[in-house]
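Residue numbers (full-length UniProt numbering), protein chains in the order written: chain A, 1 to 92; chain B, 1 to 169. Okay, structure first, notes after.
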Ligand SMILES: [Zn+2]
């Protein structure tokens, strides 16, 4: 695994830890940095990272705390506190 | 490419235990904690007053604001940093307490001489001094990497890139 990919993993962990501690701004900083590292090095972001971050405000999403998760017909809708909605399909 | 002394200047610094070994500003020498925010020219270090492990396990949201830990911003240029790295991020959290104790004043001198020797040998090719010290701390391997702050001067997201004529390769 490249240094860039590892940095993204570490930043993911840091963002999660910061969000758990309640420091949303710091979590955002880590999320933004991870995104920047990914684009500078032309890497995709891991799926778990994409699913647990808000595309609009870069918040690290914690279902039940700052995100609403609802199951609909064949897809999940996650609503961030900022109002942004993300949808992705699920299999039963 | 794991986080090793060689890759550290290109790797993620946020979250690593760090100690300021040398600084232009005397008051910053000996500062130790965890890197929480990196910018082009600075590192913000969270210095914990109580035992660190307690805070990590407790996970109380308001802990940070109680004055139990504070965040100090240190300019990269003009300072020398000592990062403690372990194989595992989980070990890192546990080990930092013991590591910081072991890394007290004494090792600094040995490292400085170490660095000087290396600098003579390598001549101008590698001006940045990244010296390593490997020791056994409470049964686990902790490596202390001393890096001159001027070597880290870069936008946080751009340090990883290797192409071009960059000093942090
Ligand atoms: Zn949002």
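Beta carbons: idealized from backbone N, C-alpha and C, even for Gly. This one's a predicted model, so the numbers in the text were calculated from it and none came from an experiment.
Residue 14 of chain B belongs to the set of residues whose beta carbon lies under 8 Å from a beta carbon in chain A.
For residue 20 of chain A, the enclosing alpha helix (DSSP H) starts and ends at 3-20. Non-local beta-carbon contacts of residue 70 of chain A in its own chain, meaning distances under 6 Å to residues more than five positions away in sequence, involve 77 in chain order. For residue 18 of chain A, the distance from the CB to the nearest heavy atom of ligand 1 is not below 7 Å.
In this structure, ligand 1 has a non-hydrogen atom nearer than 7 Å to the beta-carbon of residue 57 of chain A. Taking a 10 Å sphere around the C-beta of residue 32 of chain B, we find 16 or more other C-beta atoms and assign the residue as buried. Using a Cβ distance threshold of 8 Å, residue 29 of chain B and residue 45 of chain B do not count as a contacting pair.
Under the criterion of beta carbons closer than 8 Å, residue 10 of chain A and residue 15 of chain B qualify as touching, at roughly 6 Å.
Taken from the Cβ of residue 48 of chain B, every heavy atom of ligand 1 lies 7 Å or farther away. Residues of chain A whose Cβ lies closer than 8 Å to the Cβ of residue 7 of chain B are, in chain order, 3.
For the region 31-54 of chain A, the set of positions with a beta-carbon nearer than 8 Å to some beta-carbon of chain B reads 33, 36, 37, 40 and 41 in chain order. Put simply, the CB of residue 143 of chain B is far from chain A, with every gap to its CB atoms at 8 Å or more. Remark: the shortest separation between the CB of residue 25 of chain A and any heavy atom of ligand 1 does not fall under 7 Å.
Residue burial annotation: residue 149 of chain B is buried, with at least 16 other C-beta atoms found within 10 angstroms of its C-beta. Rounded to the nearest angstrom, the gap between the Cα atoms of residue 88 of chain A and residue 55 of chain A is 13 Å. Separation of residue 21 of chain A and residue 59 of chain A (C-alpha to C-alpha, rounded to the nearest whole angstrom) is 14 Å. Residue 44 of chain A and residue 144 of chain B have their C-alpha atoms roughly 32 Å apart.
Exposed is the label assigned to residue 26 of chain B, since fewer than 16 other Cβ atoms lie within 10 Å of its Cβ. Residue-level contact by beta carbon fails for residue 84 of chain B and chain A, as no gap is shorter than 8 Å. For residue 84 of chain B, the closest alpha carbon among the candidates B:141, B:39, B:69 and B:24 is that of B:141. Under the DSSP assignment, residue 84 of chain B falls in the beta strand (DSSP E) whose first and last residues are 79-85. The closest CA to that of residue 50 of chain A, considering only A:7, A:35, A:40 and A:42, is found on A:35.
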